[in-house]
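Colleague: Counting the sequence shown from 1 gives a position; our numbering is that position plus 287. Before I ask anything, let me first share the structure, which is written out below as structure tokens.
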Amino acid sequence: MLEVKPTQDEILALLGKDAFDMWRAVCHFIADNYNIDTLWDDGGKYGAYERKFRKSGKTLCSLYVKETELVVLIIFGKAEREKFEAERMDFSPQMQAIYDEAKTYHDGKWMYIKVKDSSMFSDITRMLVI
């Protein structure tokens with residue numbers, strides 16, 4: 288866990304404007320729609336920083352800040368996978384491919400969504416609602 292969380296200026300400097308706009312939009316969507324805890328950590332092999340959003344002890348998603356790229360990690364359990372499969376045609380071909388190519392582990396399907404701009408905002412927020 289980070290003792291001092293990064294400033295918005297530090298995140299902007301790493302991500303660049305387009306990815307930072309997506310960062311801000313996803314963070315605002317989560318804050319507006321969920322009563323959630325936020326944990327900060329170093330990003331390990333996935334980036335400079337990790338911001339994890341947890342609700343009732345379960346991770347909603349994690350955001351990894353990398354140079355010029357935001358990575359959104361969403362993990363679907365069995366129930367969420369069934370919901371996605373029922374609605375998959377409502378998602379972009381790009382999100383369907385990310386879902387199909389994601390590895391499934393004992394605790395769920397891990398989808399690392401690489402974002403350079405806000406073009407996938409709708410897909411990502413719909414994935415979070417599932």
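Beta carbons are placed, not taken as given, at the ideal position from N, Cα and C, and that holds for glycine.
Is the Cβ-Cβ distance between Ile362 and Ile385 less than 8 Å?
Modeller: No.
Colleague: Considering only their Cβ atoms, is the gap separating Lys403 from Thr325 smaller than 8 Å?
Modeller: No. Outside cutoff.
Colleague: What residues are listed by DSSP as bridge partners for Leu302?
Modeller: According to DSSP, Leu302 bridges with nothing at all.
Colleague: What runs of the beta strand (DSSP E), each 3 residues or longer, lie entirely inside the stretch 351-376?
Modeller: With a minimum length of 3 residues, the continuous beta strand (DSSP E) runs that stay inside the stretch 351-376 are 356-363.
Colleague: To the nearest angstrom, report how far apart Ala312 and Ser405 are at their CA atoms.
Modeller: Near 8 Å, if we compare the C-alpha coordinates of Ser405 and Ala312.
Colleague: Which residues mark the beginning and the end of the beta strand (DSSP E) in which Tyr392 is found?
Modeller: Run containing Tyr392: 390-392, per the beta strand (DSSP E) assignment.
Colleague: What residue does the alpha helix (DSSP H) around Thr325 start on, and which one ends it?
Modeller: Where Thr325 is concerned, there is no enclosing alpha helix (DSSP H), although the beta strand (DSSP E) it sits in stretches over 324-329.
Colleague: Can you tell me whether Tyr392 is buried or exposed? The criterion is at least 16 other CB atoms within 10 Å of its CB, across all chains shown.
Modeller: Tyr392 comes out exposed.
Colleague: Note the first and the last residue of the continuous alpha helix (DSSP H) segment covering Ile411.
Modeller: Counting along the chain, the alpha helix (DSSP H) containing Ile411 begins and ends at 408-416.
Colleague: Taking only the alpha-carbon atoms, compute the straight-line gap between Val416 and Leu347 and give it to the nearest angstrom.
Modeller: Taking the straight line from one Cα to the other gives about 9 Å.
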